[in-house]
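Protein chains in written order, with this note's numbering: chain A, 750 to 945; chain F, 24 to 492. Data first, discussion second: the structure below is written as C-alpha cells.
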Amino acid sequence: MEPFQTFTGLVCPLDRSNVDTDQIIPKQFLKRVERKGFGECLFYNWRFDQDGNKKADFVLNQPKYAGTSILVAGENFGCGSSREHAPWALQDYGFKTIIAPGFADIFFNNCQKNGILAIRLDKEKVEELIEAATEKTLRLTVNLEKQTIEGGGFHFTFDSDPYQKELFIKGLDEIAVTMMHEDEISAFEKKRAKEA
Amino acid sequence: MRPRTIIEKIWDNHLIHREKGKPDLLYIDLHLVHEVTSPQAFEGLRMNHRKVRRPDLTFATVDHNVPTTRNRETKDPISKVQIRTLEKNCKDFGIELADIYRPTQGIVHVIGPELGLTQPGKTIVCGDSHTSTHGAFGAIAFGIGTSEVEHVLATQTLWQKRPKTMQIKVNGRLGLGVAAKDLILAIIAKYGIAVGTGYIVEYTGEAIRSLSMEERMTICNMSIEAGARAGLISPDQTTIDYIRGRRFAPAGEAFEKAAEKWLALATDEGAAYDRTIEIDAGEIEPQVTWGTNPSMGGSVSGSVPDPDSFATEEKRQAVKKALAYMDLTPGTAIRDIPIDVVFIGSCTNSRISDLRQAAKVAQGKHVREGVRALVVPGSQQIKKQAEKEGLDKVFTDAGFEWRESGCSMCLAMNDDIVPAGKRCASTSNRNFEGRQGTGSRTHLVSPAMAAAAAIHGHFVDVREIEKVH
Chain A
750 MEPFQTFTGL
760 VCPLDRSNVD
770 TDQIIPKQFL
780 KRVERKGFGE
790 CLFYNWRFDQ
800 DGNKKADFVL
810 NQPKYAGTSI
820 LVAGENFGCG
830 SSREHAPWAL
840 QDYGFKTIIA
850 PGFADIFFNN
860 CQKNGILAIR
870 LDKEKVEELI
880 EAATEKTLRL
890 TVNLEKQTIE
900 GGGFHFTFDS
910 DPYQKELFIK
920 GLDEIAVTMM
930 HEDEISAFEK
940 KRAKEA
Chain F
24 MRPRTIIEKI
34 WDNHLIHREK
44 GKPDLLYIDL
54 HLVHEVTSPQ
64 AFEGLRMNHR
74 KVRRPDLTFA
84 TVDHNVPTTR
94 NRETKDPISK
104 VQIRTLEKNC
114 KDFGIELADI
124 YRPTQGIVHV
134 IGPELGLTQP
144 GKTIVCGDSH
154 TSTHGAFGAI
164 AFGIGTSEVE
174 HVLATQTLWQ
184 KRPKTMQIKV
194 NGRLGLGVAA
204 KDLILAIIAK
214 YGIAVGTGYI
224 VEYTGEAIRS
234 LSMEERMTIC
244 NMSIEAGARA
254 GLISPDQTTI
264 DYIRGRRFAP
274 AGEAFEKAAE
284 KWLALATDEG
294 AAYDRTIEID
304 AGEIEPQVTW
314 GTNPSMGGSV
324 SGSVPDPDSF
334 ATEEKRQAVK
344 KALAYMDLTP
354 GTAIRDIPID
364 VVFIGSCTNS
374 RISDLRQAAK
384 VAQGKHVREG
394 VRALVVPGSQ
404 QIKKQAEKEG
414 LDKVFTDAGF
424 EWRESGCSMC
434 LAMNDDIVPA
444 GKRCASTSNR
454 NFEGRQGTGS
464 RTHLVSPAMA
474 AAAAIHGHFV
484 DVREIEKVH
C-alpha cells in the first residue's frame, strides 16, 4: 500500500444515498483478473447511455469536476455486494478520499485495504460540502495526521481508527504485519488441534 | 460467568491477539473461494512469494459467471479466463475445487452447508457478501473483499473490529403461504437497508425456531441486505439433524461430541444485546418489492406508494427516482404489475424446499404466454434430487426452463440476463438498478410467489391459490 499523504483535491458531489456497489461498478466488468484499469467502468450505467455516449447530466461528466479526487456522497455509501472492484474503480478514476455520513461495513474495509480514506462526517456537514461543491469549485485539503479537512471556508475534523491510521501513514502491508504474529497463530492452531 | 450471546462465544473462541486501540486478530475456520473475487488475491500471493497457509481449510467452486445451459460451455472469452485462472490457482496452491463438471459444483453458499463444511461455532469467510447465509448454522460468517481474501489465504486470520450485537426477535408463527423470504423482506422493509451496519444480528424467537435449516439460510442470507455483515441463529436439534451424515461433518462418536459442543454455543439465558428489535410473524403477508433497494417493498395486497407519502425530502426523492427507474405509477395495485421474466434461483432461494414450493404452484399449470421463466437449482446435488422427485418434469411441462446450477440471473454475469426495460419477478436478493441486466427491473419475491407470477403474468397472492387447492 502507498503511504497516505496530505493532499489538496477537487471535490465532486454525489447527492445520493444508498449508492450500492452494483452502481459503482456493474457486474459486466467483474470478469477481469487484474486489479488495474477499472476507472473507465466507474458508475458505468450512470455515466454512459446504451450506446456508450456520456450522459451530460451525470455529475462526473460535467467538465468542472475533471480531475476530481474527493467524492462526497449521501448515507450508506457502498452497500450491497462485497466486490473490491468498487474501490479499485474509484481509485483508478482518481479518488483518494470519499466523504459520507456512513459507509457499508464491507466497502469501508475494502477502502482501507487499498489506501482510500473513507471519512465519516455528520450528515449536516456532508450536506454543506455537497452544496458548496455543487454551487462553486470546492478544493479541500485532507490531512490524516491531524485528522482535518480544510478549504473553501470549511474546517472539519474527523475520527480515525489509530490502527488504520498507522497502516495508512506508513503504507504498511497488512499481511506482513500479521505475519509478525506467526507464533501466536501457530500456538492457536496447536491448541485447537489438541482440543479436537 | 456473565451470560453471553453466541456471537460473543464464537468471537472469543477465535481470538488470537487483542491489543488496545487495534482490531482483534481472529482465526478463520473456513474460507470459501469463487472465481470472481479471488484472482487478484492469488496474484498478490505470487508477487510476494507467499503460500496458502491452510489449503485444507479452503474450498473453491465456480458459480458466478458459469453458464447454466446443458453443455456448460462458456462462450465469453473473458469469463473463460476467469474460470481457468481459478482452476490453475487451486491446482498451484493445493485447494479442492468443485469445478463445473463435478457433482459437488454449485453456488458457494449452497454447497458449503450441503457438504457439511458449514458447521456451528465456525468463523467462515468468502469474497461474497452473501456469506452471511452460513450463519443459519450458528456460525459467524461474513463477506470480505479481495484484499481480505488474500490476507486469509496467507495467514488464515483477519483483523476485525468487535461488532455490536443486535437481536431480531420474531414472535409468533408465519401464516400459511407466507415464506421465510417474506419474513426477511418484511424486516428490511420496516427497518431499512442500513439498520444492521456495524452489527452482527442474531435471529431469535418462536418463528425462527420453527423454521427449517433451508428457511433459516434464506433469512441469514439477506442479513447483508439489512446492512449486517453477519446474521446468525443459535444451533438447535434442527441444526444437528441437518449436518449429520454430510461429507465434511464429523462421524460416529465424534459427531455426538461435536453436537454437544454446538448446542452449548446457543445464547445464554439473560445475555444482553446492544440493540433488540421485535416483530410479530403473524402480521406478515407475502412480499413484493417495487423499488431499487430491498427495503422498497411491501405486501402483495398493497399498491405502489406515492413518493409524497414519505416523511423526508431525501426519501421522497429516492422513491421518485426508484419509481421512474421501475416505470411504476403510484397507486397501481401490486397485483396489476405485469411480469416479463421469472427467475427462481440464487443463494437466497434455490434449495430443494424452494423448488418444491415453486413446483407445487406450477403443477398442472402453464407459464403465461409472453413470459420467460427460469428455474436454476443452487447446486448439482439439488438438481439431482429435484429430478429424482420429478420436479424438473413439473417445471418443464409448465413451460419453465430447467437449468444447471449457478448464480445465473441473480447478477447476470453469465448469459442469463433480463433485457433492458423488462420486468422480472425474482427469488434473488437484490433489486438494484441494472442488477439482472442493464436497464432490467427486479421485483423480489418468494419462490411460490415467483411461480405464481409466471403462471398469471402478474403478481398474485399465493395464499389465495392455496385456498383454491
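Cβ coordinates follow ideal geometry from the N, Cα and C atoms, glycine included.
Is residue i helix, strand or coil by DSSP?
i, result
"Y226 of chain F", "strand"
"Q310 of chain F", "strand"
"L38 of chain F", "strand"
"V420 of chain F", "This sequence places Asp at residue 420 of chain F; Val is not what is there. Helix, per DSSP."
"P361 of chain F", "strand"
"P23 of chain F", "In the structure displayed, chain F extends from 24 to 492; residue 23 of chain F sits before or after that span and is not available."
"P762 of chain A", "strand"
"I879 of chain A", "helix"
"I488 of chain F", "helix"
"N452 of chain F", "coil"
"F482 of chain F", "coil"
"K45 of chain F", "coil"
"C447 of chain F", "strand"
"L55 of chain F", "strand"
"D151 of chain F", "coil"
"K213 of chain F", "helix"
Measure from the C-beta of residue i to each C-beta in chain A and report whether the shortest distance is under 7 Å.
i, result
"S233 of chain F", "no"
"P62 of chain F", "yes"
"G44 of chain F", "yes"
"Y214 of chain F", "no"
"D350 of chain F", "no"
"N316 of chain F", "yes"
"I300 of chain F", "no"
"Q105 of chain F", "yes"
"I30 of chain F", "no"
"G168 of chain F", "yes"
"Y296 of chain F", "no"
"I118 of chain F", "no"
"A497 of chain F", "The question about residue 497 of chain F has no answer here: the residues shown for chain F are numbered 24 through 492."
"R464 of chain F", "no"
How about residue i: is its C-beta nearer than 7 Å to some C-beta of chain F?
i, result
"R784 of chain A", "yes"
"E933 of chain A", "yes"
"L779 of chain A", "yes"
"T927 of chain A", "yes"
"I773 of chain A", "no"
"K885 of chain A", "no"
"D769 of chain A", "yes"
"D854 of chain A", "yes"
"I879 of chain A", "no"
"F857 of chain A", "no"
"F905 of chain A", "no"
"N825 of chain A", "yes"
"P911 of chain A", "yes"
"K991 of chain A", "No answer is possible for residue 991 of chain A: the residues shown for chain A start at 750 and end at 945."
Looking only at its own chain, which residues have a Cβ that is under 6 Å from the Cβ of residue i, when we skip the five neighbours before and after it?
i, result
"I163 of chain F", "I33, T146, A253"
"H492 of chain F", "The pLDDT assigned to H492 of chain F is 46, lower than 50, so where the model puts this residue is not dependable; a value taken from the coordinates is nonetheless given after this. None."
"N316 of chain F", "I216"
"L887 of chain A", "V760, A881, G901"
"E899 of chain A", "T890"
"I207 of chain F", "I242, M245"
"I300 of chain F", "I191"
Once the 5 residues before and after residue i are set aside, which same chain residues still bring their CB inside 8 Å of it?
i, result
"E751 of chain A", "G864, G920"
"F807 of chain A", "F792, W795, R796"
"G457 of chain F", "S463"
To which residues of the same chain is residue i closer than 7 Å at the C-beta, ignoring the five residues directly before and after it?
i, result
"A345 of chain F", "G314, T315, M319"
"L197 of chain F", "L206, A230, A304, I307"
"T178 of chain F", "R76"
Following a CB-centred definition, is residue i positioned closer than 6 Å to any heavy atom of the ligand FAD?
i, result
"A294 of chain F", "The model on display carries no ligand, and the ligand FAD is accordingly not part of it."
Checklist entry - In chain order, what residues of the stretch 830-847 of chain A put their CB closer than 7 Å to some CB of chain F? => result S830, S831, R832, E833
Next on the checklist: What ranges does the beta strand (DSSP E) occupy inside the stretch 812-874 of chain A, keeping only unbroken runs of at least 3 residues that lie completely in it?
Outcome noted: Under the rule that a run must span 3 or more residues, the beta strand (DSSP E) segments found entirely inside the stretch 812-874 of chain A read 819-822, 846-849, 866-869.
Checklist entry - Going along the stretch 424-437 of chain F in order, which residues come within less than 8 Å of chain C, judged by CB to CB distance? => result No chain C is present in this structure, whose protein chains are A and F.
Item to check | beta strand (DSSP E) runs contained entirely in the stretch 771-817 of chain A, provided each spans 3 or more residues | outcome: You should have found no qualifying run.
Checklist entry - Got a sec: which bits of the stretch 799-820 of chain A sit with their beta carbon under 9 Å from any beta carbon on chain F, in order along the chain? => result Q799
Next on the checklist: For a minimum of 3 consecutive residues, which ranges assigned as the beta strand (DSSP E) are wholly contained in the stretch 882-926 of chain A?
Outcome noted: 888-892, 897-900, 903-906
Item to check | Whole runs of the alpha helix (DSSP H) within the stretch 328-387 of chain F, excluding any shorter than 4 residues | outcome: 336-349, 375-385
Checklist entry - Going along the stretch 787-798 of chain A in order, which residues come within less than 8 Å of chain F, judged by CB to CB distance? => result N794
Next on the checklist: Tell me which residues of the stretch 441-458 of chain F have at least one Cβ-Cβ distance to chain A shorter than 8 Å, keeping chain order.
Outcome noted: A443, R453, F455, E456, G457, R458
Next on the checklist: What ranges does the alpha helix (DSSP H) occupy inside the stretch 227-280 of chain F, keeping only unbroken runs of at least 4 residues that lie completely in it?
Outcome noted: 229-232, 236-244, 260-266
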